[in-house]
Amino acid sequence: MPLSSIPSNIRILQIPLNFLKQNSLIFTQIKMFTSSTSLASISPAHFTPPSQQTLLVTHLETCKSMDHLKQIHSQTIKTGLFTNPSVQNKLIAFCCTHENGNMDYACQVFDKIPQPTVFAWNTMIKGYSRIDLHRNGVLMYLDMLNSDVKPDHYTFPFLLKGFSRDVALKFGKELHCHVVKFGFGSNVFVQNALINVYSLCGEIDVAQGIFDMSCKEDAVTWNAMFSGYNRMKRYEDTRKLFGEMELKGLLSTSVTFVLVLSACAKLKDLDVGKRVHRYVKECNIEPNLILENALIDMYAACGEMDVALEIFGMMKNRDVISWTGIVSGFLNRGQVDLAREFFDDMPIKDYVSWTAMIDGYLRVNRFKEALTLFREMQTSNIRPDEFTMVSILSACAHLGALELGEWIKTYIDKYKVKNDTFVGNALIDMYCKCGNVEKARSIFREILRKDKFTWTAMIVGLAINGHGQEALDMFSEMLRASITPDEVTYVGVLCACTHTGMVDEGRKYFSGMTSQHSIEPNVTHYGCMVDLLGRAGRLKEALEVIKNMPMKPNSIVWGALLGACRVHKDAEMAEMAVKQILELDPDNGAVYVLLCNIYAACNRLDNLREVRQLMLDRGIKKTPGCSLIEMNGVVHEFVAGDQSHPETGEIYLKLEKMTSDLKFVGYLPDTSEVFLDIGEEEKESAVYRHSEKLAMAFGLINSEPGATIRIVKNLRMCVDCHRVAKLVSKVYDREVIVRDKTRFHHFRDGSCSCKDYW
DNA sequence: GGAAGGCGTA
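Positions in the first sequence are counted from 1; adding 170 to them yields the working numbering.
Okay, here's the thing in structure tokens:
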């Protein structure tokens, strides 16, 4: 071998002495031959010096680092041993498979081998798959075929191991043909690898075909199938197949248990889960972290936190997954604060644990805490992933926090967070619920793979923002795209009809649900119909719908009728609706308030006093009106008469100025809905301090001229605030967007998108 | 003549 072909970082002749000392075998040899003992005195009968080859091989076997390997490599070149295929293979094997190995160096060594054996090729392929460079592995395999070397039964498991989805899709089928062509189709190792490749491609039926053809005597074959079913979320199939495995009496491995437990967790099947736990105990399987985590996960998913905690407590080692399992278990049961205690105790938190906790707050509607935790996550320098993004976007949607939502969108683009359909759908929802329909539309257009949820989010979003016709057009387009609507889509469709007063269209769609898509209307859909008819003033027809619906009307359905009674000032029917609601939901404070509004509007003051007394007697409290406004990424909260804000002085000054400006253009306070038994002046002062007015004043102070003011209100907007917002939009040339409990009001140039119909 | 395949958490 010419010297020029030796890698330059090897110093052949300069092996340092300390290296020789550390590596005692060579050192002993050198000592022997250089010590004072004369060679002649060593009798060959007593001592046969090991051959150089044996020594080097021994060294290769104890080699720990690339530096060491390079020294050995240089020795093999110096002594001429490199030409020995066994030595070549061992050098390559170290570089390819040792934890400190190096594939670049493996290539350099490999390139010096004139005619590599199939073993050497296999080792190289294995090396690439170990470091997830599967494409290089495939290229290596093709090189091998070009060099007229035939694969053996080791080649394919190495090659196919750990393929990513895209590599599997690209090469899987073709390599399967090679397997068959070279006659390894019935090798169980190859079959296991192929099952895995096909399940990665989503071709679970082909995987199952291979499984059915296999001898089914190797637990790993079964495990590969379980893993495939779990990946496709076909947990029932995992459970069913495990039943067959039990019948067959085949010995499970700990991986079998992990996979089956994972399926049980998803299915919330405590029975099978417990059975697996019993097997684990009976089989005397060494407790291992992954298995214990799977047990915790299964018990936590089934709500059995006592058992989960017991396992958690007995564990020798716990990792972030064990802790996250416990935290999620409590979150599933709605015990958010308990979950938070465990979360705070975690020695290490990763993005999964942070996201789980954030999502936990979300599920119990504690949105502000979710956002606070997200900020903490960022100060801890933990990178959020697409799941975190979906959770945070959903919090933004609930709070109407557009600025933060926009920031998340920028973050996704900047840091290349996986922008999948889930994220896109969450963005649409966020933009719509923050009142920015234009941005929602553009996200909608960008989503390549629109699913049912994408369309539904857009339809519902358009409907609540008052773009009823566009929502219905979108629904037609959805049907043309052959996407099947579900019951939520229809809620959006009916809502679109309601908010634009399209009664006949509403009826048509309602009957189309069953006739065209076999979706039986649920109580929400009947509620929509009552709302639709009621708002259009057809109160009697609305009542007929309630009387004829096939299920028991809930308080929301009666509430829809009550809302219509308010708009159309029908106190008699309102009394009836209230009676029904209070039977179903006796502590519903909002109902008393609405009835008071109606009595006040109809000027039935005696009735009004009675209801107010009833509220006092029963200790019913009015839900305090609360408005949110986001400014510079911070959500500010105002309740009626609020004086807790740091800028409260300025806010009230602005409010005074605002009111006098508006009075100048003809504003008269509308106190018709105030039901407090107080003088007219006090009524004015009561509506004057409504939370949305405070938020509007705050918004006017803190934003640039011309900037849109966005407010989220927890209750229905009152008539007076609605009038004020219209005037503010005109007098100050501002767009004001208020999201109330059920819909959006886009105020522009003195009028509202709801056309005063809400 | 030497080497091998499967797993868990939002």
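Beta carbons: idealized from backbone N, C-alpha and C, even for Gly.
The three-state reading of DSSP puts V319 in coil, since its state is none of H, G, I, E or B. Annotated three-state conformation of K444 is helix, per DSSP.
Under the criterion of beta carbons closer than 8 Å, L798 and V882 qualify as touching, at roughly 4 Å. By the CB criterion at 8 Å, E807 and C796 fall inside the cutoff. Annotated three-state conformation of S797 is strand, per DSSP. For the 8 Å CB-CB criterion, E820 and I871 form a contact. Shown here for G697: same chain residues with a beta carbon closer than 7 Å to its own, the five before and five after excluded, namely I726, V727, A730 in chain order. Of the candidates S550, N551, E539, T549, E539 places its Cα closest to the Cα of S561. Three or more Cβ pairs closer than 8 Å define a contact, and the segment 593-600 falls short of that threshold against the segment 633-640. Under the 10 Å beta carbon count, F917 is surrounded by 16 or more other beta carbons and is classified as buried. For C891, the three-state secondary structure derived from DSSP is helix. Per DSSP, V522 is one residue of the alpha helix (DSSP H) stretching across 521-533. Taking C-beta atoms under 8 Å as the contact rule, G570 and E711 fail to qualify, at a distance of about 34 Å. Assignment of beta-bridge partners to F500 by DSSP yields no partner.
With a 10 Å radius around the Cβ and a threshold of 16 neighbouring Cβ atoms, R880 comes out buried. In the DSSP annotation of this structure, the continuous segment of the beta strand (DSSP E) that includes K883 starts and ends at 879-883. Shown here, F614 sits in a helix according to DSSP, grouped into three states. Under DSSP, C922 forms a beta bridge with F917.
Around the beta carbon of R503, fewer than 16 other beta carbons sit within 10 angstroms, so the residue counts as exposed.
According to the DSSP assignment, R909 belongs to no alpha helix (DSSP H) but to the beta strand (DSSP E) extending over 906-909. The continuous stretches of alpha helix (DSSP H) do not include E807, which lies in the beta strand (DSSP E) extending over residues 804-809. The beta carbons of G594 and I578 sit no closer together than 8 Å.
The Cβ atoms of M887 and E862 sit closer than 8 Å to each other.
Under a 10 Å Cβ-count criterion, V497 is classified as buried, with 16 or more other Cβ atoms of the shown protein chains found around its own Cβ. Annotation for P255: the continuous alpha helix (DSSP H) segment containing it runs 255-267. Looking from the CA of R305, the closest CA among G332, F412, K749 belongs to G332. Around the beta-carbon of G676, 16 or more other beta-carbon atoms lie within 10 Å, marking it buried.
In terms of CA proximity to V809, L885 leads the group V490, L885, T525. In the structure shown, T287 falls within a coil segment according to DSSP collapsed to helix, strand and coil. For R705 against A734, the beta-carbon gap comes to about 6 Å, under 8 Å, which counts as contact. Pairing S921 with H915 gives a Cβ-Cβ distance that is not under 8 Å.
The C-beta distance from A770 to L778 rounds to 6 Å, short enough to fall under 8 Å.
Y298 is classed as buried because its beta carbon has at least 16 other beta carbons within 10 Å across all chains shown. Following the DSSP letters along the chain, one finds P327 inside the alpha helix (DSSP H) bounded by residues 325-330. Excluding its 5 nearest sequence neighbours in each direction, N254 has C-beta neighbours in its own chain below 7 Å: Q223, listed in chain order. A Cβ-Cβ contact shorter than 8 Å links A464 with S432.
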